[in-house]
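Data block below; observations after.
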Amino acid sequence: MKNAKGKGAAKISKEALKPVDDRKVGKRKASSKPERSIAPKAKKEKAKKDPNKPKRPPSAFFVFLEEFRKTFKAENPGVKAVSAVGKAGGEKWKSLSNAEKAPYEAKAAKRKAEYEKLMNAYNKKQASSADDESDKSKSEINDEDDEASGEEDQQEEEEDDDEEEDEDDEDDD
DNA sequence: ATTCTGATTGTTCTA
DNA sequence: TAGAACAATCAGAAT
């Protein structure tokens, strides 16, 4: 019976060992019925399981994690706990300076850009197949477009042109 | 057999 | 404005 919120709380013992801020993020559902818990109070107007709905773009931390996981597993073969990488990653992440996080943030920004694009297409899809045109609900992201012209090959690949080495080491601490 | 959990932080989203 | 939810992951726990 302990669904998502049922247990959570993680280990309290570690709380004393590691004075981490309150981690209220122990809730994530890959694909279940608990729709946002309390968000969709009324009917299923917005929060509905949309298989086409683009997932949120990975934050800089997640981008870093993806790479970190490889390293972590490379040095820790055998560790199968996802939490292990999470903890180690979080610790390392805080160890990085802005300059080091910059590349990750840049990548994250890119992902976000794609996310918007996906959302754009997704919105169109919704509008196309929208039962009730609730309209105005969307994010007003309507840009002149001819739906059919969604094949914009805009591969703005910035390989490595601006490697602004901000020497501003703020991590003096 | 399928669904869910843990653990991290950052971003997105809703009321 | 502020808080909640969720993004990846992966193998084990649970139903």
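Note that my numbering has the first sequence beginning at 1193, numbered continuously upward.
Quick reminder that beta carbons are idealized off the backbone N, C-alpha and C, glycines included.
Segment contact flag, the segment 1305-1315 with the segment 1276-1294, C-beta cutoff 8 Å, min 3 pairs
No, the segment 1305-1315 does not touch the segment 1276-1294.
Restricting to Cα atoms, I'd like to know which of Y1314, K1272, F1253 is closest to S1289.
The residue you call residue 1289 lines up with position 97 of the first sequence. Answer by Cα proximity: F1253.
Going by DSSP in three states, S1275 sits in which element: helix, strand or coil?
Position 83 of the first sequence holds residue 1275. Here S1275 sits in helix by DSSP.
Distance between beta carbons of A1313 and S1251, contact taken as under 8 Å
As a working note, residue 1251 is residue 59 in the first sequence. As a working note, residue 1313 is residue 121 in the first sequence. Taking C-beta atoms under 8 Å as the contact rule, S1251 and A1313 fail to qualify, at a distance of about 22 Å.
Indicate whether F1264 and V1277 have their beta-carbon atoms separated by less than 8 Å.
Position 72 of the first sequence holds residue 1264. Position 85 of the first sequence holds residue 1277. Yes, Cβ-Cβ distance for F1264 and V1277 is below 8 Å.
Which of the three DSSP states is assigned to S1251 in this structure?
Your numbering for residue 1251 matches position 59 in the first sequence. Here S1251 carries a coil assignment [DSSP, helix/strand/coil].
To the nearest angstrom, how far is it from the Cα of V1271 to the Cα of K1245?
Position 79 of the first sequence holds residue 1271. Position 53 of the first sequence holds residue 1245. For V1271 and K1245, the distance between alpha carbons rounds to 33 Å.
Whole angstroms are fine: how far does the CA of L1257 sit from the CA of E1292?
Here residue 1292 corresponds to residue number 100 of the first sequence, with the count starting at 1. Here residue 1257 corresponds to residue number 65 of the first sequence, with the count starting at 1. Cα-Cα distance, rounded: 13 Å.
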